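In our numbering, the protein residues as written are 93 to 590. Beta carbons are placed, not taken as given, at the ideal position from N, Cα and C, and that holds for glycine. Everything numeric in this text was worked out from a predicted model, so none of it was measured. Down below is the structure, laid out as C-alpha cells.
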Amino acid sequence: FGAADREWPPPHEAGAQASMGQQRQRAQSEDPEDDALIDDYCPLMTSPTRLNHIMKTRGLSDEYSHIIRARFEQHRQLFDKTGRYGSRSRPEPPPGSRPATSMDGVLGDRGSPVPQGFNSRLAELAVEDSVPWSPGDDDADGGDDPGSSPRELVTADTAGAAAAAALRGGTSASLVCCPEWRESPLHRAQLCVWERGGAPDLDEEGAIAAAAEAFVASTDVSAMGAPSPAAASSFAQEERFGTIATNDAGTWGEGLQARWTCLKERIEALWFRMSIPGAVCQAIHSGPMSVISPHALHQLEKHFKELESYEASTGRLIRLWLARQSIIDRIKGTHVLGVNDVRLEGLRGDLAKLNRLSASVVRCVGVWAQQFRHLIIDTLRLPAGATVGRAVRPVFVWGGRDLVERIHSDSDFLARGDIANLGLAAVVRTDVGQAVVRHGADADGAGRAETPALVSAYAAAQRQTVAEVLHEGPPPPWYSPEVARAGIEALRRAAVSK
93 FGAADREWPP PHEAGAQASM GQQRQRAQSE DPEDDALIDD YCPLMTSPTR
143 LNHIMKTRGL SDEYSHIIRA RFEQHRQLFD KTGRYGSRSR PEPPPGSRPA
193 TSMDGVLGDR GSPVPQGFNS RLAELAVEDS VPWSPGDDDA DGGDDPGSSP
243 RELVTADTAG AAAAAALRGG TSASLVCCPE WRESPLHRAQ LCVWERGGAP
293 DLDEEGAIAA AAEAFVASTD VSAMGAPSPA AASSFAQEER FGTIATNDAG
343 TWGEGLQARW TCLKERIEAL WFRMSIPGAV CQAIHSGPMS VISPHALHQL
393 EKHFKELESY EASTGRLIRL WLARQSIIDR IKGTHVLGVN DVRLEGLRGD
443 LAKLNRLSAS VVRCVGVWAQ QFRHLIIDTL RLPAGATVGR AVRPVFVWGG
493 RDLVERIHSD SDFLARGDIA NLGLAAVVRT DVGQAVVRHG ADADGAGRAE
543 TPALVSAYAA AQRQTVAEVL HEGPPPPWYS PEVARAGIEA LRRAAVSK
C-alpha cells in the first residue's frame, strides 16, 4: 500500500470530520432555536449550577449576562423562600437621585431645601427643642406613658416636617424610616473600642469569610430561650463601652420586683441607643411593663435578649464597615513609582481584601435586615400617607445612604479606576446613562485628590464580586430586567425567522 493508503482517516474523510467538529463547536457557542435559556417554562434552567455551567462551556457574549441574571432572579423568586441566595431587593438610591414623591397635600411646598441626612437633622432639632432623656425619667415625671416622656426627643410636627422635606427632595421612604448609624451612640462606642486596639484582625487568609460566617451564626434569634455566649457576656461588653454597669447580683436584685425594675430600665436604655420604633416601645409599655408578674418578667427577658442580639449584630456590622473604610484609606494613600515597586504587592492584597470584605458586608446586611426587620423600620416617622404606592423595607443607613448602595457605587468606581471618589460619591443610574452624585459630608473630599495611574490600573483590573452575574445578593448595578426581557424577545424573533 502507498503512503496515502496508510493514512487514517483518509484525507477526504479527515476534512469532513474537521468541518463537522467546527460546526459542532459553533453550535455549542451559539443559541439553538429551542434554547432552554430563553424558555420561561423551563425552571430547571434557572438553577445557579446550570447557569454557571452554561457560562463556562457555551462561550456566550457579554450581552447574555442580563438574560442569565434574569434566570437567576427567577430561580430565587420561585425556589428561594428562605433567602439562602441573599436579598433580592435593590439598594435604595441616594437622596436626590430619584423623582420626588408627588404628595402635594402632605408634603406642602416643594421648594424647601433637602436636609443632608434625615436622622442627623432630627438629632439637631432634638437638641434645640428638647431635653436629653435618661433611664428613669419616665418615673420622675409620674407616668409610664412614652408619649408624655421627655424620651420623645422630637415632636410629631418637627419629625413630620423633616420627613416631608426629605421625601420632597427624592429620598426614599425606606431611608427615612430606618435609623442612622453614623455618629450614633453605637458608632461612637465602636470607635472607642477601635481606638483601644479592638479592631478585627482580617489580614489572615480566610479571616473575612470566618467573620461573615460568625455573624450569620450569631444573628439567628429564632431560639431566644437560651442566651448565646455573646449575650451572656453582654454586660461586660457594655461596661467596656461605658454605658451600663457590671452584671453582678446587687445590680439585678433577687426579688421579682427588683428584677422587673432593673430589666425595665435596661430595656429603655437600649430603646434609646438603638432607636427602636415607637410601635414596639408602645406595645411593651402597654404589655409587660404595665404589670409586675412572673409572666411579664419572662416577656421582658425575651425582649431584652432580642435587643441585645440586635445591638451586638449592629455593632459587628459597624466594625466590619470601619475595617473596610481603613482598607479604602490605605488604597487611596498608596503611592507607587513603577511596576517594580514592592508596594504593588500590598496594593494587590488590599484590593483583594476590599473585594472579599465588601461581598461579606453585603451578605451580613441582608441577614441583619431579615432578622431584625421589626426593630428597624419605624413608619411613624413618615407623614400620613407617605408610604402609599411603595413598600418600606429595612435598610442599614450610613451617612444618609444605603450601605449596600455605597458598596455598589464603590465597585463602579473601582471598575473605572476612579480612586478619588471611592467611599465618598455615589453612582446614579439615569435615563441617558450614569451620573456621579456628591452630597452631604462625603462631598467635602470627593474627587479632589489625584490618583497615580498605576494604582488606578490595578484597581480597574480587580474583579468585583458584587458585580458578578451570579452574585448571591442584590442584583448587580448593571442589571436591568427590561434589557433582559428585550434580549429574550429578540432571540425568539431571530429563532422564528430562521
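Own chain partners of residue i with C-beta closer than 7 Å, once the 5 adjacent residues on each side are dropped
i	result
residue 527	520
residue 232	Only weak support exists for where residue 232 lies, its pLDDT of 38 falling under 50; the coordinates are left without a value.
residue 504	519, 569
residue 577	none
residue 469	269, 270, 369, 484, 486
residue 266	184, 484, 485, 487
residue 462	175
residue 322	Note on residue 322: pLDDT 39, under 50, position unreliable in the model; the coordinate value appears next. 310, 404.
residue 573	162
residue 304	452, 455, 456
Any chain C beta carbon closer than 7 Å to residue i
i	result
residue 497	The chain labelled as chain C is not found in the depicted structure, where only one protein chain is given.
Assumed close pair residue i, residue j - CB separation to whole angstroms, cut-off 8 Å
i	j	result
residue 158	residue 431	Between residue 431 and residue 158 the Cβ distance is about 36 Å, and since that is not below 8 Å, they are no contact.
residue 585	residue 130	Residue 585 to residue 130, Cβ: 11 Å. No contact.
residue 163	residue 143	6 Å
residue 419	residue 442	5 Å
residue 271	residue 489	7 Å
residue 491	residue 280	Rounded, the Cβ-Cβ distance is 15 Å, inconsistent with contact.
residue 530	residue 516	7 Å
residue 514	residue 424	6 Å
residue 509	residue 444	Not really, about 16 Å apart at Cβ, beyond 8 Å.
residue 447	residue 554	6 Å
Own chain, CB closer than 8 Å to residue i, minus 5 neighbours either side, in chain order
i	result
residue 451	557, 558, 563, 565
residue 467	366, 368, 369, 372, 398, 399, 402
residue 567	161, 165, 180, 182
residue 497	183, 184, 185, 186, 518
residue 389	348, 351, 352, 355, 380
residue 428	435, 436, 439, 544, 546, 547
residue 170	135, 138
residue 417	515
residue 579	155, 156, 158, 159
Unbroken alpha helix (DSSP H) run spanning residue i, endpoints
i	result
residue 300	299–310
residue 372	370–378
residue 413	386–424
residue 570	Segment: none, residue 570 is in no alpha helix (DSSP H) and carries neither H nor E.
residue 497	495–507
residue 175	Run containing residue 175: none; DSSP gives neither H nor E here.
residue 144	140–149
residue 593	A question about residue 593 goes unanswered here, because the residues of the chain that appear run from 93 up to 590.
residue 546	545–553
residue 542	Segment: none, residue 542 is in no alpha helix (DSSP H) and carries neither H nor E.
residue 486	Here residue 486 belongs to no alpha helix (DSSP H), and DSSP marks it neither H nor E.
residue 349	348–366
residue 282	277–287
residue 382	Segment: none, residue 382 is in no alpha helix (DSSP H) and carries neither H nor E.
residue 264	Run containing residue 264: none; DSSP gives neither H nor E here.
Beta-carbon proximity check, residue i vs residue j, cutoff 7 Å
i	j	result
residue 484	residue 134	no
residue 495	residue 551	no
residue 454	residue 160	no
residue 409	residue 456	yes
residue 459	residue 263	no
residue 300	residue 352	no
residue 543	residue 511	yes
residue 278	residue 407	yes
Sequence-distant residues of its chain with Cβ nearer than 6 Å to residue i (five each side left out)
i	result
residue 412	453
residue 359	396
residue 244	With a pLDDT of only 41 at residue 244, under 50, the local geometry of the prediction cannot be trusted, and the value read off the model is given with reservation. Cβ within range, chain order: n/a, list empty.
Check your understanding: Does the stretch 276–288 come close enough to the stretch 432–446 to have 3 or more Cβ pairs within less than 8 Å?
Key -> no
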